[in-house]
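Peer 1: Numbering-wise (the working numbering), the sequence shown opens with residue 13 and increments by one.
Where is the CB? At the ideal position from N, CA and C, for every residue including glycine.
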Amino acid sequence: MAKKQDKPQNIFNFDYSSDKQDRPPQEYYDQIKEKFAEERDLRLDYRPPGTDSYTSDLTGELAKYATDPYGHQVEERETLNDSVEVLFIGGGFSALLTSARLREKGVESIRIVERGADVGGTWYWNRYPGVACDVVAYDYLPLLDETGYVPSRHYAGGQEIYQYCKSIAERFDLYDLAVFGTTVTSTVWDSDEEVWVVGTDRGDSIKARFVVCANGTLSKPKLAKIDGIETFAGHSFHTSRWDYEYTGDNLQNLADKRVGIIGTGASAVQAIPELAKAAKELYVFQRTPSSIDVRDDWETDPEWAASLEPGWQAKRRARAIEGPRVPDAVKAKRAAMSREEKIQRQENANIDAMMRIHKRIDEVVEDPQTAESLKPWYMLMCKRPCFHNEYLPSFNRPNVTLVDTKGEGISQINASGPEFDGTQYELDLLIYATGFEVQQTGIYNQIIGEGGQDLNVKYGDGIRTLLGIHSHGYPNLFIMGGYQAFFAFNLTDVLNSQGEHIAECIDFVRQNQIHSLDCTYDAEERWVQEVIAHRGKTSRNRDCTPGYYNFEGAENRRQDGNYNGTMKQYLDHMSEIRDKMSEHFAFTER
Ligand code: NDP
Numbered sequence: 013m014a015k016k017q018d019k020p021q022n023i024f025n026f027d028y029s030s031d032k033q034d035r036p037p038q039e040y041y042d043q044i045k046e047k048f049a050e051e052r053d054l055r056l057d058y059r060p061p062g063t064d065s066y067t068s069d070l071t072g073e074l075a076k077y078a079t080d081p082y083g084h085q086v087e088e089r090e091t092l093n094d095s096v097e098v099l100f101i102g103g104g105f106s107a108l109l110t111s112a113r114l115r116e117k118g119v120e121s122i123r124i125v126e127r128g129a130d131v132g133g134t135w136y137w138n139r140y141p142g143v144a145c146d147v148v149a150y151d152y153l154p155l156l157d158e159t160g161y162v163p164s165r166h167y168a169g170g171q172e173i174y175q176y177c178k179s180i181a182e183r184f185d186l187y188d189l190a191v192f193g194t195t196v197t198s199t200v201w202d203s204d205e206e207v208w209v210v211g212t213d214r215g216d217s218i219k220a221r222f223v224v225c226a227n228g229t230l231s232k233p234k235l236a237k238i239d240g241i242e243t244f245a246g247h248s249f250h251t252s253r254w255d256y257e258y259t260g261d262n263l264q265n266l267a268d269k270r271v272g273i274i275g276t277g278a279s280a281v282q283a284i285p286e287l288a289k290a291a292k293e294l295y296v297f298q299r300t301p302s303s304i305d306v307r308d309d310w311e312t313d314p315e316w317a318a319s320l321e322p323g324w325q326a327k328r329r330a331r332a333i334e335g336p337r338v339p340d341a342v343k344a345k346r347a348a349m350s351r352e353e354k355i356q357r358q359e360n361a362n363i364d365a366m367m368r369i370h371k372r373i374d375e376v377v378e379d380p381q382t383a384e385s386l387k388p389w390y391m392l393m394c395k396r397p398c399f400h401n402e403y404l405p406s407f408n409r410p411n412v413t414l415v416d417t418k419g420e421g422i423s424q425i426n427a428s429g430p431e432f433d434g435t436q437y438e439l440d441l442l443i444y445a446t447g448f449e450v451q452q453t454g455i456y457n458q459i460i461g462e463g464g465q466d467l468n469v470k471y472g473d474g475i476r477t478l479l480g481i482h483s484h485g486y487p488n489l490f491i492m493g494g495y496q497a498f499f500a501f502n503l504t505d506v507l508n509s510q511g512e513h514i515a516e517c518i519d520f521v522r523q524n525q526i527h528s529l530d531c532t533y534d535a536e537e538r539w540v541q542e543v544i545a546h547r548g549k550t551s552r553n554r555d556c557t558p559g560y561y562n563f564e565g566a567e568n569r570r571q572d573g574n575y576n577g578t579m580k581q582y583l584d585h586m587s588e589i590r591d592k593m594s595e596h597f598a599f600t601e602r
């Protein structure tokens, strides 16, 4: 019998084909859908369009929200003016797992350039109390076959993942050439020498034959644009820059503090239970509640760990990509449904899941008004679903107050703290759990390709890539975790396949005595059309409450998003492209 550890995570595969007898009538579902639409419109009416309600320009008075609170160990060093074969912008999982594949192919000269003081990316920056990953650790942590490591829990904590990142860097000798506390500010193609020239905020000028943009999908913290944000006289920071000097390592310094937190996304959901235990008073400023499901966590069974056979993770990943096995009878039933019926059944099953989440709130949260406020009114997956067993009970504590702004959000802060609906909240500490910029390839960096074209300028007329990885006119440059690639709940599934693809491409160049590869205009155009063909087949995104999954409710070009085919289709495209490299790439020799 399959053990619980072997079961794949399955959070949004609704069985919409079953004909349950006790289903409520369709009017019940239609009424809930109407409420979803009302709640979405309420939020859209309050906000400026799209991402305009946020700023990630953390300079001037806001610069303190971006500074690294952990990086005291970054040392002064000589300016670099040297050459490497492969340069990674960013030192998170993208760089680590791709480097491992490159080492397997014999690539020696690999440099990571990283803004933080160590590798780890997300797991370097996000050290807020309670930080953990909501993706099953046996799937999320990459290279488990290669390292022989077995995560200690079903859902690994942030500290464990961060340590694991460092162990990968050690194992594959990635510290040798790495530079930390360094931000890449320009990446310019030198068409005479056919190398990238990478400039940094520390005055470096590094030549690299291959550059991999491995800067993450959610890396640059953003703040809500709130009037008076800079006038707050207490202490404040962003969740990804946790100030343990202020809070104490175990939050012990908060025992006499009035603490506020703005935002109730996945980061806040993990931090709030810890803050609730430690703070004298905690105020949670909510604009939209997250969906909170049960967190089915346990310590890894040592017997199971010992029984794992070589290659177990690769097999597990392959199974996850294949998806659950659907019996033929169910397949036939689905095939016989009209498109409309299929969509309606899927929506109804989704609503059932959301109502189960509502029911749990009623069961756990004692104050009926607070319980009502914590209920999310949107389809599951409109926002990142959250899993926690202590979040909802936190609101039963006498020191915790939920300030439900009912979709409006906090729009005013003064020296004492936020003000909402005529009430002034007097705080010692205000924490921003307001998220990150999403999937920006360049982030801090200007990428200038052949003919002096800035990648952002090229993207100004619509994102153009092949597989989300290559862009015509940017030879030997690879993008990881960017738009036009597949996006999965388990991000490392995508990064893993992209890392393998990039390592294969680099190996192809090295093995075939060519110097560079650049995807052709036609190959890029075919991919852009493939992305367009798969996007927006339903009104699902438009119907969702605003959030970063749907560009905060803004309309955008069909090509400016992720590839919405299946993961399997994405991987099939990748291998077809690699089978016929010369049909998709132009090469140069030197
Ligand atoms: P999010 O972008 O998910 O959340 C930002 C929060 O700030 C939202 O609740 C938003 O409300 C709120 N907000 C913005 N402006 C205001 C305002 N003026 N007043 C009140 N509230 C406001 O950021 P997170 O850092 O929480 O999460 C980012 C992502 O990081 C996650 O979605 C997930 O992908 C990843 N993550 C993953 C974890 C995991 O376990 N795998 C754990 C933590 C993070 P609204 O919803 O109304 O926009």
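#1: Indicate whether I455 and S231 have their beta-carbon atoms separated by less than 9 Å.
#2: Pull the bridge partners of P430 from the DSSP assignment, please.
#3: Can you name, in chain order, every residue of its own chain whose Cβ lies under 6 Å from the Cβ of P388, other than the five neighbours on each side?
#4: Would you report the Cα separation of A220 and R307, rounded to the nearest angstrom?
#5: Would the region 163-173 and the region 139-155 be scored as touching if the rule is three or more Cβ pairs under 8 Å?
#6: Using DSSP's beta-bridge definition, name the partner residues of D416.
#7: Nearest by alpha-carbon distance to G419: which of E51, S30, Y40 is it?
#8: Between which two residues does the alpha helix (DSSP H) holding A318 run?
#9: Going by C-alpha distance, which of G142, G474, K19 is nearest V281?
#10: Let's test the definition: count the other Cβ atoms within 10 Å of the Cβ of H400 and tell me whether it reaches 16, buried, or not, exposed.
#11: Candidates K470, E242, D69, A500: which alpha carbon is nearest G577's?
#12: Who are the Cβ neighbours of H253 in its own chain at under 6 Å, not counting the five residues just before and after it?
#13: Within 10 angstroms of the Cβ of N524, are there 16 or more other Cβ atoms? Answer buried if so, exposed if not.
#14: Can you give me the start and stop residues for the beta strand (DSSP E) that A220 sits inside?
#15: Unbroken beta strand (DSSP E) runs of length 3 or more, entirely within the region 87-114: which are they?
#16: Tell me whether G118 is buried or exposed, calling it buried when 16 or more other Cβ atoms sit within 10 Å of its Cβ.
#17: How is T212 classed by DSSP in three states: helix, strand or coil?
#18: Have a look at the DSSP bridge pairing and note the partners of Q458.
#19: When you compare each of K234, E595, K549 to S68 by their alpha carbons, which one comes out closest?
#20: Which full runs of the alpha helix (DSSP H) of 4+ residues lie inside the region 429-517, going along the chain?
#21: Report the residue from D202, Q510, L478 whose alpha carbon sits nearest the alpha carbon of G493.
#22: So, V610 versus L414, is the Cβ gap smaller than 9 Å?
#23: How long is the line joining the alpha carbons of R113 and I333, rounded to whole angstroms?
#24: Under 8 Å by Cβ, that's how I've got C531 and H596 pegged, so tell me the actual separation to the nearest angstrom.
#25: State the beta-bridge partners of F9 as determined by DSSP.
#26: Between the region 196-214 and the region 454-469, can you find at least three pairs of beta-carbon atoms closer than 8 Å?
#27: What residues are listed by DSSP as bridge partners for G169?
#28: Do you know offhand how far Y41's Cα is from R368's?
#29: Kindly indicate which three-state DSSP category D120 falls into: helix, strand or coil?
#30: Relative to the C-alpha of C394, which candidate in Y187, P322, E359, D584 has its C-alpha closest?
#31: Just to confirm, is the Cβ distance from Y136 to Y187 under 9 Å?
#32: Thinking C-alpha only, which one of T194, V543, N508, Q171 is nearest L92?
#33: Should V125 be labelled buried (16 or more other beta-carbon atoms within 10 Å of its own) or exposed?
#34: Taking contact to mean 3 or more Cβ pairs, one atom from each stretch, closer than 8 Å, check whether the region 431-450 and the region 324-333 are in contact.
#35: Hey, out of D204, T134, D146, whose CA is closest to C177's CA?
#36: May I ask whether a heavy atom of the ligand NDP can be found less than 8 Å away from the beta carbon of Y560?
Peer 2: To lay it out plainly:
#1: Taking the first residue of the sequence shown as 1, we reach residue 455 at position 443. Taking the first residue of the sequence shown as 1, we reach residue 231 at position 219. Yes, Cβ-Cβ distance for I455 and S231 is below 9 Å.
#2: Counted from its first residue, the sequence shown places residue 430 at position 418. Paired residue(s): I425.
#3: Position 376 of the sequence shown holds residue 388. Hits under 6 Å: P301, S303.
#4: The residue you call residue 220 lines up with position 208 of the sequence shown. The residue you call residue 307 lines up with position 295 of the sequence shown. Between A220 and R307, the C-alpha separation is close to 44 Å.
#5: yes
#6: Within the sequence shown, the letter at position 404 stands for residue 416. Answer is Q298.
#7: In the sequence shown, residue 419 corresponds to position 407, counting from 1. Closest by alpha carbon: E51.
#8: Within the sequence shown, residue 318 is the residue found at index 306, counting from 1. Its alpha helix (DSSP H) spans residues 314-319.
#9: On the sequence shown, residue 281 is found 269 positions in, with the first residue counted as 1. Taking only the C-alpha atoms, the option nearest V281 is G142.
#10: As a first step, residue 400 must be located in the sequence shown, where it is residue number 388. Burial call: buried.
#11: On the sequence shown, residue 577 is found 565 positions in, with the first residue counted as 1. Selected option, being the one with the closest Cα: A500.
#12: For the purposes of this step, residue 253 is identified with residue 241 of the sequence shown, where counting begins at 1. One point to set straight first is that residue 253 is Arg, not His, in the sequence displayed. In the same chain as R253, and ignoring 5 residues on each side of it, the C-beta atoms closer than 6 Å to its own belong to P81, in chain order.
#13: Counted from its first residue, the sequence shown places residue 524 at position 512. By the 10 Å Cβ count, N524 comes out exposed.
#14: Locating residue 220 in the sequence shown gives position 208, where the first residue counts as 1. It spans 217-225 - the beta strand (DSSP E) in which A220 sits, taken as one unbroken run.
#15: Whole beta strand (DSSP E) segments, 3+ residues: 95-101.
#16: Here residue 118 refers to the residue found at position 106 when the sequence shown is read from its first residue. Flag for G118 reads exposed.
#17: The sequence position of residue 212 within the sequence shown is 200, counting from 1. Three-state DSSP puts T212 in a strand.
#18: On the sequence shown, position 446 is the one that residue 458 refers to. Note: Q458 sits in a beta bridge opposite S198.
#19: Stepping through the sequence shown from its first residue, residue 68 is reached at position 56. Taking only the C-alpha atoms, the option nearest S68 is K234.
#20: 467-472
#21: Taking the sequence shown and counting its residues from 1, the one referred to as residue 493 is at position 481. Checking every option, the nearest Cα to that of G493 belongs to Q510.
#22: Residue 610 lies beyond the residue range present for the chain, which begins at 13 and ends at 602; the question has no answer from this structure.
#23: Numbered from its first residue, the sequence shown carries residue 113 at position 101. Numbered from its first residue, the sequence shown carries residue 333 at position 321. Between R113 and I333, the C-alpha separation is close to 20 Å.
#24: Within the sequence shown, numbered from 1, the residue matching residue 531 stands at position 519. Within the sequence shown, numbered from 1, the residue matching residue 596 stands at position 584. The pair is a contact, with the Cβ atoms about 6 Å apart (cut-off 8 Å).
#25: Given that the chain is displayed from residue 13 to residue 602, the structure contains no residue 9 and the question cannot be resolved.
#26: yes
#27: Here residue 169 corresponds to residue number 157 of the sequence shown, with the count starting at 1. For G169, which the question treats as bridged, DSSP gives the partners A144.
#28: Here residue 41 refers to the residue found at position 29 of the sequence shown. Here residue 368 refers to the residue found at position 356 of the sequence shown. Going from the Cα of Y41 to the Cα of R368 covers about 14 Å.
#29: Numbered from 1 along the sequence shown, position 108 holds the residue referred to as residue 120. Reading the sequence as shown, one finds Glu at residue 120 and not Asp. In the structure shown, E120 sits in coil (DSSP, three-state: anything other than H, G, I, E or B).
#30: Residue 394 sits at position 382 when you count from the first residue of the sequence shown. The shortest C-alpha separation from C394 is found at E359.
#31: On the sequence shown, residue 136 is found 124 positions in, with the first residue counted as 1. On the sequence shown, residue 187 is found 175 positions in, with the first residue counted as 1. No, the pair does not count as a contact, with Cβ atoms beyond the cut-off.
#32: Position 80 of the sequence shown holds residue 92. Nearest of T194, V543, N508, Q171 to L92, Cα basis: T194.
#33: By one-based count along the sequence shown, residue 125 stands at place 113. Label assigned to V125: buried.
#34: no
#35: The residue you call residue 177 lines up with position 165 of the sequence shown. Comparing Cα positions, the closest option is T134.
#36: As a position in the sequence shown, residue 560 is number 548, starting the count at 1. Yes; taking the cut-off as 8 Å, the Cβ of Y560 has a heavy atom of the ligand NDP nearer than that.
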